[in-house]
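When you line the sequence shown up against mature numbering (1 follows the signal peptide of the UniProt record, and there is no 0), it's residues -16 to -1, 1 to 132, in that order.
Here a beta-carbon is modelled for each residue, glycine too, at the ideal position from N, C-alpha and C.
Everything below concerns the one structure shown next.
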Amino acid sequence: MVLLALSAYLVYQIGCDLFRKDEPPPKPLEPLKQDMTLKELKKYSGRDASVDNRICLGIKDEIFEVTRGKNFYGPDGPYNCFAGREASRCFATFSTDEDDIPEGKDDLSDLTSDQKSSLNDWYENISSKYPKVGKVIYTPEDEVKKTK
Ligand code: HEM
Ligand SMILES: *[C@@H]1O[C@H](CO)[C@@H](O)[C@H](O)[C@H]1NC(C)=O
């Protein structure tokens, strides 16, 4: 009886394995190639299943996909504040405070030259490491909104 039960269990397990092999492997994601408005960019915060929880960020008005850095930028990461945002100001000022990023277009004219050079260094870092997706598209509505 015990042997019978055991072999039935084994047959069941093997059957499951065979069945599993029939499942298609998860399809690799296509590289993102797309200019985005700030609103579209917001979807790529790592929390939206409709875009496969992919993560993008904007720096110097260019968008990069940072999904493979999700330990940094994902919902539990230390730099999640940049995810789905044009985060130039945070890179320039070494801030991880989401509230530093204005809702509309960020006019960065108040940055000091040191801050601008930090921003440029981060741009080199991010752009050498992550695939470029496109550019940020600003709408007339973004221009109207005031920087804090
Ligand atoms: C006490 C403060 C901080 C510490 C100790 C720290 C530490 C680190 C370390 C160790 C890494 C590299 C991890 C790795 O490559 O495995 C890293 C990466 C990074 N840090 Fe920080 N950090 C700090 C603050 C900040 C701030 C304020 C910013 C804001 C701009 C920032 C932005 C970044 C970015 C963008 C990366 C690169 C992630 C990537 O490779 O995609 N960090 N940090
Ligand atoms: C980018 O910056 C991070 C954090 O300082 C560093 O660990 C990494 O080596 C840099 N990467 C490049 C390509 O500069």
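Item: Extract the residue ranges of the alpha helix (DSSP H) inside the stretch 38 to 100, only unbroken runs of 4 or more that lie entirely within it.; Value: 54 to 57 and 72 to 77
Item: Beta-carbon within less than 7 Å of residue 18's beta-carbon, same chain only, minus the 5 sequence neighbours each way: which residues are those?; Value: 117 and 118
Item: Spatial neighbours of residue 38 within its chain, please: CB distance less than 6 Å, with the 5 preceding and 5 following residues excluded, ordered by chain position.; Value: 28 and 51
Item: Anything with a beta carbon under 6 Å from a heavy atom of ligand 2 counts; list them all in chain order.; Value: 109, 112 and 113
Item: Can you tell me which of the three DSSP states residue 113 falls into?; Value: helix
Item: Would the stretch 98 to 110 count as touching the stretch 120 to 127 if we require 3 or more Cβ pairs under 8 Å?; Value: no
Item: Compute every distance between the C-beta of residue 48 and the non-hydrogen atoms of ligand 1, then say whether any falls below 7 Å.; Value: no
Item: Less than 6 Å between C-beta atoms, sequence neighbours within five positions excluded: which residues of the same chain meet that for residue 89?; Value: 122, 126 and 127
Item: Bridge partners of residue 118, per DSSP?; Value: 47
Item: Taking only the alpha-carbon atoms, compute the straight-line gap between residue 66 and residue 44 and give it to the nearest angstrom.; Value: 13 Å
Item: Any heavy atom of ligand 1 closer than 7 Å to the Cβ of residue 40?; Value: no
Item: Quick check on this structure: which residue in 16, -13, 81 and 75 has the alpha carbon closest to the alpha carbon of residue 115?; Value: 16
Item: Which whole-angstrom value is the C-beta distance of residue 62 and residue 80, which I expect to be below 8 Å?; Value: 7 Å
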